[in-house]
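Asker:
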Amino acid sequence: MLGPISSQNMQQNLPNSTGVLVLGILSIVSAICYGIGLICGIIGLVLASKDRKLYKEAPELYSPASYGTSNAGRICAIIGIVLSSLFIIFFVFIILLSVFASPSIYR
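Start counting the sequence shown at 346; every next residue gets the next number (this note's numbering).
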């Protein structure tokens with residue numbers, strides 16, 4: 346005879362939790378790759394917001410561990426977006442500095 350079914354057995358993982366974590370880590374790792382980290386971070390942030398909305402609507406359906414994974418990926422994506430943005434600003438500054446500070450024979 347089977348015992349009572351607990352709600353823990355019926356909980357499932359959030360659909361994008363692993364993908365969000367992977368994209369968040371990739372956004373940090375590829376922050377210096379001229380915008381690739383920014384793209385990965387934005388996609389990860391969008392997927393994380395979908396997961397957060399799903400979890401907030403019905404937390405009893407999803408496992409807290411997958412919510413934690415999605416939240417960790419969201420934090421990594423935010424860090425990756427900030428690092429990528431800083432690198433792009435720095436890169437543009439270096440280009441502008443080299444264009445305007447170098448003596449030009451065409452002036």
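Here a beta-carbon is modelled for each residue, glycine too, at the ideal position from N, C-alpha and C.
Have a look at S410 and A376 and give me their C-alpha separation to the nearest angstrom.
Answerer: According to the sequence provided, residue 410 is Ala. The question's Ser does not apply to it. Near 27 Å, if we compare the C-alpha coordinates of A376 and A410.
Asker: Please check the pair L359 and G389, which I expect to be a contact at CB under 8 Å, by giving their CB distance rounded to whole angstroms.
Answerer: With 8 Å as the limit, L359 and G389 do not qualify as a contact, their Cβ atoms being about 13 Å apart.
Asker: With H, G and I counted as helix, E and B as strand and the rest as coil, what does DSSP make of Y379?
Answerer: The answer is coil: DSSP assigns Y379 none of H, G, I, E or B.
Asker: Going by the DSSP bridge assignment, what does Q357 pair with across the sheet?
Answerer: Paired residue(s): Y407.
Asker: Rounded to whole angstroms, what's the CA-CA distance from R419 to V427? Just pull it up for me.
Answerer: Approximately 12 Å between the Cα atoms of the pair.
Asker: Return the CA-CA distance between S372 and A422, expressed in angstroms with no decimal places.
Answerer: In a straight line, the C-alpha of S372 is about 6 Å away from that of A422.
Asker: Go ahead and pull the three-state DSSP assignment for S443.
Answerer: DSSP places S443 in helix when its eight states are reduced to three.
Asker: For G380, which of L431, S447, I439 and A446 has the nearest alpha-carbon?
Answerer: Comparing Cα positions, the closest option is L431.
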